[in-house]
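Note sheet for the following structure.
Number of protein chains: 2
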Amino acid sequence: MNIIISNSSSVPIYEQIKQAIKTAILSGELKEDENLPSVRNLANDLRISFLTVKKAYDELEEEGYIKTIQGKGSFVAPKNIELMKEERRREIEKHVEEIIKIAKIYNINKSEIDDIFNYIASEEDFDIN
Amino acid sequence: MNIIISNSSSVPIYEQIKQAIKTAILSGELKEDENLPSVRNLANDLRISFLTVKKAYDELEEEGYIKTIQGKGSFVAPKNIELMKEERRREIEKHVEEIIKIAKIYNINKSEIDDIFNYIASEEDFDIN
DNA sequence: TTAGCTGTTATGTTTAGTATATAACAGTAT
DNA sequence: ATACTGTTATATACTAAACATAACAGCTAA
Numbered sequence: 066m067n068i069i070i071s072n073s074s075s076v077p078i079y080e081q082i083k084q085a086i087k088t089a090i091l092s093g094e095l096k097e098d099e100n101l102p103s104v105r106n107l108a109n110d111l112r113i114s115f116l117t118v119k120k121a122y123d124e125l126e127e128e129g130y131i132k133t134i135q136g137k138g139s140f141v142a143p144k145n146i147e148l149m150k151e152e153r154r155r156e157i158e159k160h161v162e163e164i165i166k167i168a169k170i171y172n173i174n175k176s177e178i179d180d181i182f183n184y185i186a187s188e189e190d191f192d193i194n
Numbered sequence: 066m067n068i069i070i071s072n073s074s075s076v077p078i079y080e081q082i083k084q085a086i087k088t089a090i091l092s093g094e095l096k097e098d099e100n101l102p103s104v105r106n107l108a109n110d111l112r113i114s115f116l117t118v119k120k121a122y123d124e125l126e127e128e129g130y131i132k133t134i135q136g137k138g139s140f141v142a143p144k145n146i147e148l149m150k151e152e153r154r155r156e157i158e159k160h161v162e163e164i165i166k167i168a169k170i171y172n173i174n175k176s177e178i179d180d181i182f183n184y185i186a187s188e189e190d191f192d193i194n
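Residue numbers (my numbering), protein chains in the order written: chain A, 66 to 194; chain B, 66 to 194.
Here is the structure:
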């Protein structure tokens with residue numbers, strides 16, 4: 066797993082770690098029951114305090130993404146596929162809500178939004194199927 | 066102008082004020098050269114420190130939204146319509162980028178995104194024209 | 001069993017950002 | 001002058017984030 070963090074970002078380090086691990090899990094890069102790096106190892110790799118990594122792991126456990134066993138380590142939790150799909154959908158919905166909020170205020174219509182979508186899609190090599 | 070702030074929000078108060086004023090300007094609710102509430106007045110209305118309002122006004126001036134004259138007050142800056150349109154477009158683009166990033170990782174296709182869009186649009190009474 | 005990994009907990013410190021209060025000063029307008 | 005505007009300086013309080021250090025506890029393989 067490749068985690069890149071930026072300490073100049075306004076996003077807290079522990080939050081960046083959470084996001085990276087969530088993404089790795091949800092994309093399948095990290096598989097069920099797979100071992101996560103130990104808090105101290107990851108902290109050393111990222112040159113940060115193990116407490117920061119622990120905070121990320123603690124919250125990931127609270128959210129059901131991983132399981133931690135004292136003395137053994139942290140593992141990817143057996144996942145509730147439906148639940149995680151739901152979570153992803155909610156993320157997209159949030160962005161769509163923001164877009165629509167902006168569009169309503171400034172009288173931007175659907176076709177303009179589609180234009181932007183198509184533009185970004187081509188920039189990002191996203192297949193419009 | 067009606068500004069509502071929440072002190073329980075994780076978004077700083079000065080940021081909430083900035084957003085509210087930006088929106089009011091860009092939507093046309095506040096017109097060019099129109100007088101903004103004085104820092105002390107707005108602070109009183111919102112029951113916060115005038116320094117917090119001043120911070121918001123200072124940043125709005127830096128970003129070109131308003132002009133402040135000592136002894137007179139703050140006014141909506143003559144706007145560069147094209148520039149502001151660009152800024153709005155950039156905001157939408159950011160959300161679209163996030164959506165596409167998520168869609169790529171989890172193999173969500175355009176029609177699923179459209180479904181979400183249509184769902185939110187109907188919820189939010191957004192005309193799909 | 002012990003060494004060396006794991007995670008856990010406690011304590012204290014530092015830093016940056018946000019928000020505040022207060023006071024004094026400066027420009028504008030009537 | 002008075003009463004509005006904005007400006008500046010100083011000091012304080014609070015919080016979140018991140019850190020360092022130390023000590024403790026569970027697991028496992030040599």
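Just so it is clear, CB atoms sit at the ideal spot from N, CA and C, and this is done for glycine as well. Please read these numbers as outputs of a predicted model, since none were measured by experiment.
CB contact below 8 angstroms: residue i versus chain A
i: B:Glu189; result: yes
i: B:Ala121; result: no
i: B:Ala86; result: At residue 86 of chain B the sequence reads Ile, which differs from the Ala that was named. B:Ile86 does not count as touching chain A.
Proximity test, Cβ basis, 8 angstroms: residue i and chain B
i: A:Lys83; result: no
i: A:Tyr79; result: no
i: A:Val118; result: no
i: A:Val76; result: no
i: A:Glu163; result: yes
i: A:Ile131; result: no
i: A:Ile206; result: The structure shown does not extend to residue 206 of chain A, since chain A spans only 66 to 194, so no value can be given for it.
i: A:Ile185; result: yes
i: A:Glu158; result: yes
i: A:Phe182; result: yes
i: A:Ile170; result: yes
i: A:Ile193; result: yes
Check: residue i C-beta below 7 angstroms from any heavy atom of the ligand PLP
i: B:Asp190; result: No copy of the ligand PLP appears in this structure; indeed no ligand is present at all.
Inter-residue spacing [alpha-carbon to alpha-carbon] between residue i and residue j
i: A:Gly129; j: A:Ala142; result: 7 angstroms
i: A:Glu126; j: B:Glu189; result: 34 angstroms
i: B:Ile68; j: B:Asp123; result: 17 angstroms
i: B:Lys144; j: B:Ile70; result: 26 angstroms
i: B:Ala121; j: B:Ile146; result: 22 angstroms
i: A:Glu99; j: A:Asp179; result: 40 angstroms
i: A:Ile173; j: B:Ser187; result: 16 angstroms
i: A:Lys166; j: B:Ile78; result: 21 angstroms
i: A:Arg112; j: A:Gly136; result: 22 angstroms
8 angstroms contact criterion, which residue i and residue j should meet: CB distance rounded
i: A:Ile170; j: B:Ser74; result: Not really, about 20 angstroms apart at Cβ, beyond 8 angstroms.
i: B:Glu158; j: A:Ile185; result: 6 angstroms
i: B:His160; j: A:Glu80; result: Contact flag wrong, Cβ pair sits at about 19 angstroms.
i: A:Phe191; j: B:Ala168; result: 7 angstroms
i: A:Lys87; j: B:Ile193; result: With 8 angstroms as the limit, A:Lys87 and B:Ile193 do not qualify as a contact, their Cβ atoms being about 32 angstroms apart.
Pick from the options that is closest to residue i, judged by C-alpha positions
i: B:Ile90; options: B:Glu80, B:Leu107 and B:Phe140; result: B:Phe140
i: A:Lys96; options: A:Lys166, A:Lys132 and A:Glu163; result: A:Lys132
i: A:Arg154; options: B:Ile134, B:Pro77, B:Ile181 and B:Leu148; result: B:Ile181
i: A:Arg105; options: A:Lys87, A:Glu99, A:Glu94 and A:Val118; result: A:Val118
Exercise for the section: Using a Cβ-Cβ cut-off of less than 7 angstroms, list which residues of the stretch 92–107 of chain A approach chain B; keep chain order. Expected result: Result list: Ser92.
Problem - Contact residues within the stretch 134–147 of chain A, judged by C-beta distance below 7 angstroms to chain B - result: None of the residues of the stretch 134–147 of chain A has a beta carbon lying less than 7 angstroms from any beta carbon of chain B.
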